[in-house]
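Read the structure below first, then the notes.
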Ligand code: AMP
Ligand code: SF4
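Numbering (this note's numbering), first residue to last: 1 to 447.
Encoded structure:
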């Protein structure tokens, strides 16, 4: 079974507090995975590791971080959809090669991992696709780790933003299609690599540039050196990073996520205006689009739904006496919606259950009309490249024939999505993966 990991990776090189900077960066990237986290540091050629289930802030105490000595470190936060969140699956993963220890952390999904496991006779303890990597590197082991990586990574298909720690270097790599983001920053004499730039803001690092698609960047005592994998025919940067996944205060693929989300809201307002009293976001991911929708259409913006930010992944549900408990524990409508015509803005509809429950609680709170506007097109297919979207049959747009059928299911007075054509205005089609919206998958799929 493969995981669809939506994760964050971090690497720090040449800093006396490398593990502490890694910890802080993971803290900033917690939105990319909440099930487990780990850090491996490099001290005198040895790897020191600590990983556990839970949130970054709960896993690492000061004592734990102090024990992760050394001037180089890598880290990972993990989210998996399978429920098999066992310690053995939490990254970074560490192996001993002939040339010394090798640890790795991965964001993405290697689509041909099952084939590779068969071809290279790879037997693994855990279930993740990342596990095929280290045996593959061992297979191609060379005195020059850069050459091993060039050969091993050339076997992979799919999405990978990777950070490796060896006995004497930090190495980072991004797949030739550039699915997942990966950025390079600098803090004094140290280099930092992270999934998103919001990590640099927290630790006071300067953003230098993206790791290029297909680039392998090696940091060691000689300095920094780039190698390149064979170029891909097209790029396939994940457009969903702009829709939902990344933090709005990050630069992703060199562009502000916040500005991209506002653009989607602006196009949505021009395409699907509504005569209403108030524009309200579905917090948090609908906020930038709702601000732009309100500004474009000239209807006031209000926080009509308040989000409880402290809801964990599990909670004890009361008996069915409390209707819509699952949504109410997270999102609560304000009293002012009573008697109002409301336009609610969300970034996406996946299964449709959030929208359906939300519309019911808004109506129960007295909203006269609820019009839902969605700042991306209908999600038609699952993601095979590291974002947790369900199978087609669980997607509301996979089940229902038309937007009207979806409207009836969720109970909105009207429903409209940003069109695919206008959505494409936020990113050049040739540079992006849009497969969950158009089912044109940029690689072979081996399910
Ligand atoms: P649903 O109830 O399945 O339709 O969920 C829709 C909500 O989930 C929207 O408010 C989105 O902001 C959010 N969402 C979109 N994609 C994801 C994802 N991959 N993981 C978790 N939540 C998501
Ligand atoms: Fe991103 Fe969708 Fe492509 Fe997955 S299928 S990489 S979520 S655009």
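Ideal placement from N, C-alpha and C gives every residue a C-beta, glycine not left out.
Open item on the list: Assuming residue 100 is part of the beta strand (DSSP E), what are its boundary residues?
Closed with: Along the chain shown, one-based indexing puts residue 100 at 100. Run containing residue 100: 100–110, per the beta strand (DSSP E) assignment.
Open item on the list: Quick check for students: name the residue ranges of the alpha helix (DSSP H) that lie wholly in the stretch 264–310, counting only runs of 4 or more.
Closed with: 287–297
Task: Residues near residue 228 by beta carbon distance below 8 Å, same chain, minus five either side - done: The residue you call residue 228 lines up with position 228 of the chain shown. Correct list, in chain order: 212, 214, 215 and 216.
TODO: Identify which residue in 46, 356, 61 and 194 has its Cα closest to the Cα of residue 372.
DONE: Working through the chain shown from its first residue, we reach residue 372 at position 372. Looking at the Cα atoms, 356 is the closest of the given residues.
TODO: Could you tell me if residue 335 is buried or exposed, where buried requires 16 or more neighbouring beta carbons within 10 angstroms of its beta carbon?
DONE: Taking the first residue of the chain shown as 1, we reach residue 335 at position 335. Burial state of residue 335 is exposed, judged by a 10 Å Cβ sphere holding fewer than 16 other Cβ atoms.
Task: Continuous alpha helix (DSSP H) stretch holding residue 422: start and end - done: Locating residue 422 in the chain shown gives position 422, where the first residue counts as 1. 420–423 is the span of the alpha helix (DSSP H), which, as asked, contains residue 422.
Task: Residue-chain proximity (residue 209, chain B), Cβ-Cβ < 8 Å - done: Here there is only one protein chain, and chain B is not present.
Open item on the list: the ligand SF4 and residue 240: does the residue's C-beta get closer than 7 Å to at least one heavy atom of that ligand?
Closed with: Within the chain shown, the letter at position 240 stands for residue 240. Under cutoff, so the answer is yes.
- [ ] Assign residue 35 to one of three DSSP states: helix, strand, or coil.
- [x] As a first step, residue 35 is located in the chain shown; it is residue number 35 there, counting from the start. Residue state, collapsed to three classes: coil.
- [ ] Report yes if the CB atom of residue 87 is closer than 8 Å to the CB atom of residue 51, and no otherwise.
- [x] The residue given as residue 87 occupies position 87 in the chain shown. The residue given as residue 51 occupies position 51 in the chain shown. Yes, they are a contact pair.
Task: Three-state class that DSSP yields for residue 393 in the structure shown - done: Numbered from its first residue, the chain shown carries residue 393 at position 393. Here residue 393 carries a helix assignment [DSSP, helix/strand/coil].
TODO: Spatial neighbours of residue 156 within its chain, please: CB distance less than 6 Å, with the 5 preceding and 5 following residues excluded, ordered by chain position.
DONE: Translated into the one-based positions of the chain shown, residue 156 becomes position 156. Hits under 6 Å: 110.
- [ ] Please classify residue 252: does DSSP put it in a helix, a strand, or coil?
- [x] As a working mapping, residue 252 is identified with position 252 in the chain shown. Correct three-state label for residue 252: strand.
Task: Reduced DSSP category for residue 432 - H, G, I as helix; E, B as strand; rest coil - done: Taking the chain shown and counting its residues from 1, one reaches residue 432 at position 432. The answer is strand: DSSP assigns residue 432 an E or B state.
Open item on the list: Could you check whether residue 19 and residue 93 sit closer than 8 Å to each other, using their CB atoms as the reference points?
Closed with: Along the chain shown, read from residue 1 onward, the residue named residue 93 stands at position 93. Along the chain shown, read from residue 1 onward, the residue named residue 19 stands at position 19. Taking 8 Å as the Cβ cut-off, residue 93 and residue 19 do not qualify as a contacting pair.
Task: Alpha carbon of residue 81 to alpha carbon of residue 317, nearest angstrom - done: Stepping through the chain shown from its first residue, residue 81 is reached at position 81. Stepping through the chain shown from its first residue, residue 317 is reached at position 317. Because the pLDDT at residue 81 is just 49, under 50, the model does not fix this residue reliably, and the value given afterwards should be weighed accordingly. Distance between the alpha carbons of residue 81 and residue 317 is about 21 Å.
Task: residue 425 beta carbon less than 8 Å from that of residue 398 - done: Here residue 398 refers to the residue found at position 398 of the chain shown. Here residue 425 refers to the residue found at position 425 of the chain shown. Not a contact, by the Cβ cut-off of 8 Å.
Task: Neighbourhood of residue 75 by C-beta distance below 6 Å, restricted to the same chain and skipping five residues each side - done: The residue given as residue 75 occupies position 75 in the chain shown. Within the same chain, residue 75 has close Cβ partners 10, 22, 26 and 39.
Task: Proximal residues to residue 339 (C-beta, below 7 Å), its chain only, five neighbours per side dropped - done: In the chain shown, counting from the first residue as 1, residue 339 sits at position 339. Counting only Cβ-Cβ distances below 7 Å, and skipping sequence neighbours, we find 366 and 368.
TODO: Could you pull the start and end residues of the beta strand (DSSP E) that residue 404 belongs to?
DONE: Position 404 of the chain shown holds residue 404. Segment 403–410 is the alpha helix (DSSP H) holding residue 404; no beta strand (DSSP E) there.
- [ ] Compute the minimum distance between the beta carbon of residue 307 and the heavy atoms of the ligand AMP, and state whether it is under 7 Å.
- [x] Taking the first residue of the chain shown as position 1, residue 307 is located at position 307. It does not: the Cβ of residue 307 is nowhere closer than 7 Å to a heavy atom of the ligand AMP.
Open item on the list: Counting beta carbon pairs with one atom in the stretch 281–289 and one in the stretch 339–353, are three or more of them shorter than 8 Å?
Closed with: Between the stretch 339–353 and the stretch 281–289 there are three or more inter-stretch CB-CB distances shorter than 8 Å, so the stretches are counted as touching.
Task: Proximity test, residue 244 beta-carbon vs the ligand AMP heavy atom, cut-off 7 Å - done: Here the question's residue 244 lines up with position 244 in the chain shown. Distance from the C-beta of residue 244 to the nearest heavy atom of the ligand AMP is below 7 Å.
Task: residue 225: first and last residue of the uninterrupted beta strand (DSSP E) it sits in - done: Position 225 of the chain shown, counted from the start, is the residue given in the question as residue 225. Here the beta strand (DSSP E) through residue 225 covers 223–228.
TODO: Run through the stretch 318–395 for me and flag every whole beta strand (DSSP E) of 3 or more residues, listed as ranges in chain order.
DONE: 331–333, 341–346 and 369–374
- [ ] Using 10 angstroms around the beta-carbon of residue 311, count the other beta-carbons present and answer buried if the total reaches 16, otherwise exposed.
- [x] Within the chain shown, the letter at position 311 stands for residue 311. Flag for residue 311 reads exposed.
- [ ] Determine the direct distance from the alpha carbon of residue 382 to that of residue 24, and round the result to whole angstroms.
- [x] By 1-based counting over the chain shown, the position of residue 24 is 24. By 1-based counting over the chain shown, the position of residue 382 is 382. If you take the alpha carbons of residue 24 and residue 382, they lie about 32 Å apart.
TODO: Return the chain-ordered list of same chain residues with a C-beta closer than 8 Å to the C-beta of residue 359, the five sequence neighbours on each side being excluded.
DONE: Working through the chain shown from its first residue, we reach residue 359 at position 359. Answer for residue 359: 344, 370, 372, 410, 411 and 412, listed in chain order.
Open item on the list: Tell me the rounded alpha-carbon separation between residue 297 and residue 342.
Closed with: On the chain shown, residue 297 is found 297 positions in, with the first residue counted as 1. On the chain shown, residue 342 is found 342 positions in, with the first residue counted as 1. Answer to the nearest angstrom: the Cα atoms are 13 Å apart.
TODO: Note down the Cα distance separating residue 175 from residue 159, rounded to an integer number of angstroms.
DONE: Working through the chain shown from its first residue, we reach residue 175 at position 175. Working through the chain shown from its first residue, we reach residue 159 at position 159. Rounded to whole angstroms, residue 175 to residue 159 spans 6 Å at the Cα level.
TODO: Could you have a look at residue 446 and say whether DSSP puts it in helix, strand or coil?
DONE: Position 446 of the chain shown, counting from 1, holds the residue named residue 446. Looking at residue 446 - three-state DSSP - the assignment turns out to be coil, as it is neither helix nor strand.
Task: residue 27, enclosing alpha helix (DSSP H) - first and last residue - done: On the chain shown, residue 27 is found 27 positions in, with the first residue counted as 1. That run of the alpha helix (DSSP H) goes 18–28.
Task: Test item: CB-CB of residue 104 and residue 60 under 8 Å - done: Translated into the one-based positions of the chain shown, residue 104 becomes position 104. Translated into the one-based positions of the chain shown, residue 60 becomes position 60. No.
TODO: Locate the alpha helix (DSSP H) running through residue 213, then write down its first and last residues.
DONE: The count along the chain shown starts at 1 and reaches residue 213 at position 213. Where residue 213 is concerned, there is no enclosing alpha helix (DSSP H), given that its DSSP letter is neither H nor E.
Task: Distance cut 6 Å, beta-carbon to the ligand AMP heavy atom: residue list by chain order - done: 244, 282, 285, 346, 347, 348, 349, 350, 351, 352, 353, 354, 355, 387, 388 and 389
- [ ] Determine the DSSP secondary structure at residue 190, reduced to helix, strand or coil.
- [x] Within the chain shown, numbered from 1, the residue matching residue 190 stands at position 190. Correct three-state label for residue 190: strand.
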